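The listed protein sequences derive, respectively, from chains P and V.
Under full-length UniProt numbering, residues 1 to 102 are what the first sequence spells out, in order.
Under full-length UniProt numbering, residues 1 to 102 are what the second sequence spells out, in order.
Glycine included, every Cβ here is placed at the ideal spot set by N, Cα and C.
If you're wondering where the values come from, they're calculated on a predicted model, not measured in any experiment.
So the structure is just underneath, and the comments pick up after that.
Protein chains: 2
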Amino acid sequence: MDYTTMCPKYEAGIEVLGKRWTGLIIRVLLGGPRRFRDIKEIVPEMSDKMLTERLKELEALGILTRHVYPETPVRVEYELTDKGRDLEPVVEAIQSWSEKWM
Amino acid sequence: MDYTTMCPKYEAGIEVLGKRWTGLIIRVLLGGPRRFRDIKEIVPEMSDKMLTERLKELEALGILTRHVYPETPVRVEYELTDKGRDLEPVVEAIQSWSEKWM
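In structure tokens:
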């Protein structure tokens, strides 16, 4: 990889992945579709407002989809798309670095 | 990897790597020791103040070292430590995801 110049695609990727909470949300959803409160349970320190915002952004970016099941009460689940699941190597790389160095 | 619970080490790793500009600075330094202005040249949109702040943080975290060469004028270079270089798989994973999806 050429490190002497910056890559616009890399910059765009970091812009998405570097946002606070995004790395945690992606990791949770790699475990499969989750409801809002499931995600909150795993990452309790994240506010409802922040999680709502990030889920909207990630949906707009095509990284996850929002499924509404017409049950009573209605059930809403968030699921990674192929684009989202393709982030697993990133999550795994951060996980192994963190286990070694943090 | 167990995605049903959050890993504190992963959270700590994301806290460091997720900070704005850090992902770009690490990528630049994977190319070898660089002076302040070399980094700025590759990432011009980053302010001097922000780069100074991030370099201090990353030095405090043991991710890079600051070398002062007693020349005239004095030369200062920033270089990744082993801990910093170990982030290459993270940078590569982000790079390949970004090339495919961004």
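Within 10 angstroms of its Cβ, does G18/P collect 16 or more other Cβ (buried), or is it exposed?
Buried.
Kindly indicate the opening and closing residues of the beta strand (DSSP E) around Y78/V.
DSSP places Y78/V in the uninterrupted beta strand (DSSP E) bounded by R75 to L80.
For a cutoff of 8 angstroms on Cβ pairs, would you count S98/P as touching chain V?
Yes, because at least one Cβ of chain V sits closer than 8 angstroms to the Cβ of S98/P.
Measuring only between beta-carbons, confirm whether I39/V sits less than 8 angstroms from chain P.
Contact with chain P is absent for I39/V, since none of that chain's Cβ atoms lies less than 8 angstroms from the residue's Cβ.
Thinking T81/V and I63/V are a contact (beta carbons under 8 angstroms), I'd like their distance in whole angstroms, please.
Contact annotation, T81/V with I63/V: C-beta distance approximately 6 angstroms; criterion of less than 8 angstroms satisfied.
Quick check on the burial criterion: 16 or more other C-beta atoms within 10 angstroms. Buried or exposed for G84/V?
Burial of G84/V is indicated by the presence of at least 16 other C-beta atoms within 10 angstroms of its C-beta.
For I25/V, return the contacting residues in chain P, with the cut-off set at a CB-CB distance below 8 angstroms.
Within chain P, no residue comes near I25/V; the closest Cβ sits about 10 angstroms away, beyond 8 angstroms.
Taking the C-alpha atoms as reference points, what is the distance between Y10/P and T72/P?
If I take the Cα positions, the gap works out to 43 angstroms.
Based on the DSSP output, what are the partners of R66/P in its beta bridges?
Answer is Y78/P.
Assign A93/P to one of two classes, buried (16 or more other C-beta atoms within 10 Å of its C-beta) or exposed (fewer than that).
Buried, by the Cβ-count rule.
Look at the alpha carbon of I42/V and the alpha carbon of Y3/P, and state the distance between them as a whole number of angstroms.
Looking at the two C-alpha atoms, the distance is approximately 9 angstroms.
Please classify G13/P as buried or exposed, where buried requires at least 16 other C-beta atoms within 10 Å of its C-beta.
Counting other Cβ atoms within 10 Å of its Cβ, G13/P reaches 16 or more and is therefore classed as buried.
Is it buried or exposed, T5/P, if we count other Cβ atoms within 10 angstroms and call 16 or more buried?
Its Cβ having fewer than 16 others within 10 Å, T5/P is exposed.
Closest residue to E79/V among M50/V, K56/V, M46/V and S47/V (Cα-Cα distance):
Distances from the CA of E79/V to each of M50/V, K56/V, M46/V and S47/V were compared; the closest alpha carbon is that of K56/V.
Thinking residue 157/P and R20/P are a contact (beta carbons under 8 angstroms), I'd like their distance in whole angstroms, please.
Because chain P spans 1 through 102 in this model, residue 157/P falls outside it and cannot be assessed.
Proximity to T22/V [Cα-Cα], best of I39/V, W97/V and R75/V
Proximity to T22/V across I39/V, W97/V and R75/V peaks at I39/V, based on C-alpha coordinates.
Could you say which of E45/V, P8/V, G32/V and R27/V lies nearest to R66/V if we only look at CA atoms?
Of the candidates E45/V, P8/V, G32/V and R27/V, the one whose C-alpha sits nearest the C-alpha of R66/V is G32/V.
Spatial neighbours of E59/V within its chain, please: CB distance less than 7 angstroms, with the 5 preceding and 5 following residues excluded, ordered by chain position.
Hits under 7 angstroms: T65 and R66.
Beta carbon proximity, E92/V to chain P, threshold 8 angstroms
It does; some Cβ of chain P falls within 8 angstroms.
Which partner residues does R54/V have in the DSSP bridge list?
DSSP output for R54/V lists no bridge partner at all.
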